[in-house]
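Trainee: The numbering of the sequence shown is our numbering, which starts it at 776 and goes up by one. Note that the Cβ used here is the ideal one computed from N, Cα and C, for glycine as well. Here the structure is a predicted model, which is why all the values come from computation and not from measurement.
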Amino acid sequence: MSSLLDALSCADDYDPDSLPVERARQLILSLLAPVPGEERLFVRQALDRILAQDVIAPLSVPAHDNSAMDGYAVRAADLNPAGETTLKQVGTAFAGHPFAATLGPGEAVRIMTGAVVPAGADTIVIQEVVRLADGQVIVPAGQRQGQNVRHAGEDLRAGEVALPAGKLLRPAEIGLLASLGQAEVSVHRRLRVAMFSTGDELASLGEVLQTGEIYDSNRYSMWGMLTRLGCEVIDMGVVRDDPAALEAALVEAAQHADAIVTSGGVSVGDADFIRELMARLGEVAFWKIAMKPGRPMAFGKIRRPGHGGAGAGKPTTESAWLFGLPGNPVAVMASFYQFVRPALLKMMGVPDAQTMLPTMRVPCAMPIRKGRGRTEFQRGTLYQENGEWRVKATGAQGSGILRSMSQANCFIVLDTESTGAAAGELVNVQLMDGLV
Ligand code: AMP
Ligand code: MG
């Protein structure tokens, strides 16, 4: 029954009360697996989906040697390396209209870009260097055998893996599939993710705020991040700070979703009644992650009603993965990008190494202060000045200041031991979703 928690506590240097970000991410990824289920879609419908199976090229692209330029198809063996060569033009090859015959000695064919290189020819001389006189084609010295020919199979070879399973289908892949004549493709089914916010202080849009209430913004930023990832989002609204309501919401969510993402209330993981509740519903670890913002986090699984147990050897589909994020609006987004996004991508079939936001090193325009002990994800603006990219922090960095996220296009990542950065120093910058 407590296989997940046992597995966690067996891991080296596992300290739930001070877990480094990278360690937490590795633990999560090591426990997750792609969710079974795929569907066949028309290529255009498959944009932004994850490929479920390798696509083997059924043909070579291009299928024939063809010309990269407008010019003349010739036989290199005919050309005089030291001076001009006069050839006889015997025909024309257009893209889609090949020259039917074989090129004989002393002959040339007028050829357009994309036209099949005629049999016998091996070299294209560009039209700009050729002189024409009385149906004769005069080619200057200095041509190289094979020049300006695009070879059959140089893009994709028949029988090779053109796209590997796990590949995100971007416009380039959609085009590549089309170049192979593939009208349909197998993709992973959409991940179903249930989400709710917790908190007695939360009002929903359309409600009038009472004293002490705030609008529930987390459910909107979470919805946006999940939608961007291509998930099917099940919005379960606001759940009151009440164990019975929480239990009902988790049970309901586990019934329908592959994963559950919640905001708020995780610091009460310290309270016995929550631990007892989670132990009854599944297996959940309460972590204090050495990061700022976003310290507390719950991670584990919630059993689906009707299934026996989620013990060792049973498929994970008997339970839904739970990501209990902190309540502060910036902490929600920072922990989503660090843990939930990689986790969900893995569940969608993306290889581990491609689940991280891209990181680059950029000079910091202004000094940044930081204390030791936690990895900080400061919100930053990456901008160009005099042709150079730099980064600066976006003003106040409180974990409740959502404006800092809105002004940001990246996280400035300062590792645990860092005590800040001086102006001009290189810092690690993680590009946010939407920029990449
Ligand atoms: P909690 O983790 O529940 O203690 O919440 C931490 C802080 O985040 C509190 O100031 C909450 O009011 C705020 N908060 C929690 N949930 C939300 C939400 N859905 N939208 C906006 N702020 C929230
Ligand atoms: Mg709360």
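1. Please report the residue range of the beta strand (DSSP E) in which Asn1203 lies.
2. If the criterion is Cβ atoms closer than 9 Å, does the pair Val962 and Leu944 meet it?
3. Suppose the cutoff is 6 Å on Cβ atoms and the five residues either side in sequence are ignored; what does the same chain contact list for Ala1029 look like?
4. Going by the beta-carbon positions, is the gap between Gly941 and Gln1129 smaller than 9 Å?
5. If you measure from the CB of Glu976, is any heavy atom of the ligand AMP nearer than 8 Å?
6. Does the distance from the CB of Leu1004 to the CB of Leu1119 come in under 9 Å?
7. Would you report the Cα separation of Leu804 and Pro1133, rounded to the nearest angstrom?
8. Would you check if the region 1041-1054 and the region 1066-1077 touch, i.e. whether three or more CB-CB distances between them fall below 8 Å?
9. Run through DSSP, which three-state label would Cys1006 get?
10. In chain order, what are the residue ranges of uninterrupted alpha helix (DSSP H) at least 4 long that sit wholly in the region 1110-1152?
11. Rounded to the nearest angstrom, what separates Lys1067 and Ala969 at their Cα positions?
12. Give me the Cα-Cα distance between Glu1200 and Ala848, rounded to the nearest whole angstrom.
13. Over the uninterrupted alpha helix (DSSP H) stretch that includes Ser1179, give me the two end residues.
14. So who's on the other strand from Pro1071, going by DSSP bridges?
15. How would you label Ile831, buried or exposed, when you count the other beta carbons within 10 angstroms and need 16 or more for buried?
16. Using DSSP with H/G/I as helix, E/B as strand and the rest coil, what is Met1108?
17. Comparing the CB of Gly1099 with every heavy atom of the ligand MG, is any distance shorter than 8 Å?
18. Which complete beta strand (DSSP E) runs does the region 998-1050 hold, if anything under 3 residues is left out?
19. Given a threshold of 16 other Cβ atoms within 10 Å of its Cβ, counted over all protein chains shown, does Lys863 qualify as buried or as exposed?
20. Can you tell me which of the three DSSP states Gly1088 falls into?
21. What does DSSP give as the partner residues of Leu960 in its beta bridges?
22. Please state whether DSSP places Glu935 in a helix, a strand or coil.
23. If Ser972 and Leu1177 are in contact, beta carbons under 8 Å, what's the gap, nearest whole angstrom?
24. Who are the near neighbours of Met1000 in its chain, counting only those whose CB is closer than 6 Å to its CB and skipping five residues on each side?
25. So, at 7 Å on beta carbons, what are the nonlocal neighbours of Ala896 in its own chain, with the 5 sequence-adjacent residues on each side left out?
26. Let's test the definition: count the other Cβ atoms within 10 Å of the Cβ of Glu959 and tell me whether it reaches 16, buried, or not, exposed.
27. Would you check whether the ligand MG has a heavy atom nearer than 8 Å to the C-beta of Asp1047?
28. Pull up the CB-CB distance for Ile899 and Arg967, whole angstroms please, since I reckon it's below 8 Å.
29. Could you work out which residue in Leu1157, Ala1140, Leu1189 is closest to Gln1182 when comparing CA atoms only?
30. In three-state terms, what does DSSP make of Gln902?
31. Runs of 3 residues minimum, wholly inside the region 846-872: which ones carry the beta strand (DSSP E) assignment?
32. Taking Gly1175 and Pro1117 to be in contact with their CB atoms under 8 Å, please state how far apart those CB atoms are, rounded to whole angstroms.
Mentor: According to the structure data:
1. Position 428 of the sequence shown, counted from the start, is the residue given in the question as residue 1203. From DSSP, the beta strand (DSSP E) with Asn1203 extends over 1201-1206.
2. Within the sequence shown, the letter at position 187 stands for residue 962. Within the sequence shown, the letter at position 169 stands for residue 944. Closer than 9 Å, so yes.
3. Start at 1 with the first residue of the sequence shown, and residue 1029 comes out as number 254. Within the same chain, Cβ atoms closer than 6 Å to the Cβ of Ala1029 are found at Ile1077, Arg1079, Ala1095, the five residues on either side in sequence being excluded.
4. Here the question's residue 941 lines up with position 166 in the sequence shown. Here the question's residue 1129 lines up with position 354 in the sequence shown. Yes, the pair counts as a contact, with Cβ atoms nearer than the cut-off.
5. Here residue 976 refers to the residue found at position 201 of the sequence shown. Taking 8 Å as the cut-off, one finds at least one heavy atom of the ligand AMP near enough to the beta carbon of Glu976.
6. Against the sequence shown, residue 1004 aligns to sequence position 229. Against the sequence shown, residue 1119 aligns to sequence position 344. Cβ distance < 9 Å, so Leu1004 and Leu1119 count as in contact.
7. On the sequence shown, residue 804 is found 29 positions in, with the first residue counted as 1. On the sequence shown, residue 1133 is found 358 positions in, with the first residue counted as 1. Using only the alpha carbons, I get a separation of about 17 Å.
8. In this structure the region 1066-1077 lies against the region 1041-1054, because at least three pairs of beta carbons, one per stretch, are closer than 8 Å.
9. Numbered from 1 along the sequence shown, position 231 holds the residue referred to as residue 1006. Three-state DSSP puts Cys1006 in coil, outside helix and strand.
10. 1116-1122
11. The residue you call residue 1067 lines up with position 292 of the sequence shown. The residue you call residue 969 lines up with position 194 of the sequence shown. The straight-line gap from Cα to Cα measures roughly 26 Å.
12. Here residue 1200 refers to the residue found at position 425 of the sequence shown. Here residue 848 refers to the residue found at position 73 of the sequence shown. Their backbone Cα atoms lie some 56 Å apart in a straight line.
13. Position 404 of the sequence shown, counted from the first residue, corresponds to residue 1179. Here the alpha helix (DSSP H) through Ser1179 covers 1178-1181.
14. For this step, residue 1071 is matched to residue 296 along the sequence shown. BP columns for Pro1071 point to Lys1063.
15. Taking the sequence shown and counting its residues from 1, one reaches residue 831 at position 56. The residue in question, Ile831, is exposed, as its Cβ has fewer than 16 Cβ neighbours within 10 Å.
16. Start at 1 with the first residue of the sequence shown, and residue 1108 comes out as number 333. If DSSP states are grouped into helix, strand and coil, Met1108 belongs with the helices.
17. For the purposes of this step, residue 1099 is identified with residue 324 of the sequence shown, where counting begins at 1. Outside the cutoff, so no.
18. 1007-1014, 1034-1038
19. For the purposes of this step, residue 863 is identified with residue 88 of the sequence shown, where counting begins at 1. Exposed.
20. Within the sequence shown, numbered from 1, the residue matching residue 1088 stands at position 313. Reliability of the predicted coordinates at Gly1088 is poor, the pLDDT of 43 falling under 50, and no value is obtained from them.
21. In the sequence shown, counting from the first residue as 1, residue 960 sits at position 185. Leu is not the amino acid found at residue 960; the sequence shown has Val there. DSSP lists Leu816 as partners of Val960.
22. Taking the sequence shown and counting its residues from 1, one reaches residue 935 at position 160. If DSSP states are grouped into helix, strand and coil, Glu935 belongs with coil.
23. Taking the sequence shown and counting its residues from 1, one reaches residue 972 at position 197. Taking the sequence shown and counting its residues from 1, one reaches residue 1177 at position 402. The Cβ separation is near 14 Å, so there is no contact.
24. In the sequence shown, the residue the question calls residue 1000 occupies position 225. Taken in chain order, the residues that qualify are Phe1111.
25. As a working mapping, residue 896 is identified with position 121 in the sequence shown. Within the same chain, Ala896 has close Cβ partners Ala848, Val849, Arg850, Leu878, Val884.
26. Numbered from its first residue, the sequence shown carries residue 959 at position 184. When all chains shown are included, Glu959 counts as exposed.
27. Against the sequence shown, residue 1047 aligns to sequence position 272. For the ligand MG, not one heavy atom lies less than 8 Å from the Cβ of Asp1047.
28. Taking the first residue of the sequence shown as 1, we reach residue 899 at position 124. Taking the first residue of the sequence shown as 1, we reach residue 967 at position 192. 54 Å between Cβ atoms; not a contact.
29. Along the sequence shown, one-based indexing puts residue 1182 at 407. Considering only alpha carbons, the answer is Leu1157.
30. On the sequence shown, residue 902 is found 127 positions in, with the first residue counted as 1. Helix at Gln902.
31. 846-849, 860-868
32. For the purposes of this step, residue 1175 is identified with residue 400 of the sequence shown, where counting begins at 1. For the purposes of this step, residue 1117 is identified with residue 342 of the sequence shown, where counting begins at 1. About 25 Å; that fails the 8 Å criterion.
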